[in-house]
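The block underneath contains the structure these notes are about, expressed in structure tokens.
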Amino acid sequence: MTKKILLVGESWVSSATHYKGFDQFGSVTFHLGAEPLVKALAGSAFELTYMPAHEAVEKFPFEMAGLDAYDAIILSDIGANSLLLPPDVWLHSRTVPNRLKLLKAWVEKGGGLLMVGGYFSFQGIDGKARWRRTPVEDTLPVTCLPYDDRVEIPEGTVAEVVKPEHPTMQGLEGAWPVLLGVNEVEVRDRADVEIVARLPEDQGGHPLLVVGTHGTGRTAAWTSDIGPHWLSPAFCEWEGYGRLWKNILGWLTEKQA
């Protein structure tokens, strides 16, 4: 049976000024960061809807029925403000449903939620992602730090699989390719929470994949990226890349007994 997945975030706009001697001109570029995942899930049992960050501000559901259209939701490289401050609130001071509370309630009744790392995930660069002490954080198997949580690893590192028997690790044999960074988080001390993969001790032993439950739903935290720059090109091209995400999504969307 096809599982419906909503990916929220993984887009940005950059502007540049080009100086050529006496002259200059500006340019604006739109970027999508989840192409490796889109490619990996194409034709699979997972039907992916990709909602870029700028669209999510207004188009992410304001009602439970909208969330119920999906089996799992991925929040990746999008800050809490994008869901807290739609134009009705920011520009017109009108009230709207709190979509972070809505997400929490959706997970409690059986939805699957995954947060993927990045500069605007967990607490993020300069602490600006702002997921700490939110209803969404309440659902996750980890908690966010109160400050910039990036762990940059320019020399690269390779993950250590702590629980190879976990369903999310099925079919992933041998060493993983290099990754270049994660968000630092704290793992909740609960029986349902499991660290599946982490960084080596010489890189701080930071958790990489943590899974748990909230209400009747399942949640997971992948603290590195979906693609570059924290995932190396070799990681994105690795034959295990697609298997990893399919495993995680398969586990998230499996109903608890």
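Numbers 1 to 257, taken from full-length UniProt numbering, label the letters of the sequence shown in order.
For glycine and all other residues, C-beta sits at the position ideal for the given N, C-alpha and C.
In DSSP terms, what residue i is bridged to
{"i": "residue 218", "result": "112 and 213"}
{"i": "residue 51", "result": "8"}
{"i": "residue 267", "result": "Outside the displayed range of the chain (1 to 257) lies residue 267, so it cannot be described from this structure."}
{"i": "residue 31", "result": "12"}
{"i": "residue 200", "result": "According to DSSP, which records beta bridges pairwise, residue 200 is partnered with nothing at all."}
{"i": "residue 46", "result": "3"}
{"i": "residue 160", "result": "198"}
Where the alpha helix (DSSP H) through residue i begins and ends
{"i": "residue 243", "result": "239-252"}
{"i": "residue 98", "result": "No alpha helix (DSSP H) holds residue 98; DSSP gives it neither H nor E."}
{"i": "residue 178", "result": "No alpha helix (DSSP H) contains residue 178, which DSSP labels as neither H nor E."}
{"i": "residue 193", "result": "Note, residue 193: premise wrong, no alpha helix (DSSP H); not H, not E."}
{"i": "residue 143", "result": "Looking at the DSSP string, residue 143 is not in any alpha helix (DSSP H); the run it does join, the beta strand (DSSP E), is 142-144."}
{"i": "residue 66", "result": "64-67"}
{"i": "residue 270", "result": "With the chain covering 1 to 257 only, the question about residue 270 has no answer from this structure."}
{"i": "residue 88", "result": "87-90"}
{"i": "residue 231", "result": "Per DSSP, residue 231 belongs to no alpha helix (DSSP H) and is neither H nor E."}
{"i": "residue 121", "result": "Run containing residue 121: none; DSSP gives neither H nor E here."}
Residue of the options minimising C-alpha distance to residue i
{"i": "residue 234", "options": "178, 51, 221 and 225", "result": "178"}
{"i": "residue 244", "options": "203, 170 and 187", "result": "170"}
{"i": "residue 15", "options": "21, 23 and 31", "result": "31"}
{"i": "residue 174", "options": "130, 207, 240 and 27", "result": "240"}
{"i": "residue 52", "options": "145, 182 and 7", "result": "7"}
{"i": "residue 215", "options": "229, 35 and 255", "result": "255"}
{"i": "residue 114", "options": "120, 140 and 133", "result": "140"}
{"i": "residue 87", "options": "228, 54, 24 and 172", "result": "54"}
{"i": "residue 190", "options": "56, 138, 228 and 203", "result": "138"}
{"i": "residue 50", "options": "122, 104, 25 and 74", "result": "74"}
{"i": "residue 172", "options": "149, 147 and 248", "result": "248"}
Proximity below 7 Å, CB of residue i to CB of residue j
{"i": "residue 161", "j": "residue 210", "result": "no"}
{"i": "residue 10", "j": "residue 82", "result": "no"}
{"i": "residue 252", "j": "residue 69", "result": "no"}
{"i": "residue 213", "j": "residue 196", "result": "no"}
{"i": "residue 151", "j": "residue 194", "result": "no"}
{"i": "residue 117", "j": "residue 224", "result": "yes"}
{"i": "residue 230", "j": "residue 156", "result": "no"}
{"i": "residue 159", "j": "residue 208", "result": "yes"}
{"i": "residue 122", "j": "residue 79", "result": "no"}
{"i": "residue 135", "j": "residue 101", "result": "yes"}
{"i": "residue 36", "j": "residue 227", "result": "yes"}
{"i": "residue 67", "j": "residue 106", "result": "yes"}
Proximal residues to residue i (C-beta, below 6 Å), its chain only, five neighbours per side dropped
{"i": "residue 218", "result": "112 and 252"}
{"i": "residue 47", "result": "2 and 4"}
Range covered by the beta strand (DSSP E) that runs through residue i
{"i": "residue 154", "result": "150-157"}
{"i": "residue 184", "result": "Per DSSP, residue 184 belongs to no beta strand (DSSP E) and is neither H nor E."}
{"i": "residue 76", "result": "72-76"}
Short CB-CB distance (under 7 Å) between residue i and chain B
{"i": "residue 222", "result": "As a matter of chain content, chain B is missing from the structure shown, which is built from one protein chain."}
Other residues of its chain near residue i: CB distance less than 8 Å, five sequence neighbours each side excluded
{"i": "residue 59", "result": "51"}
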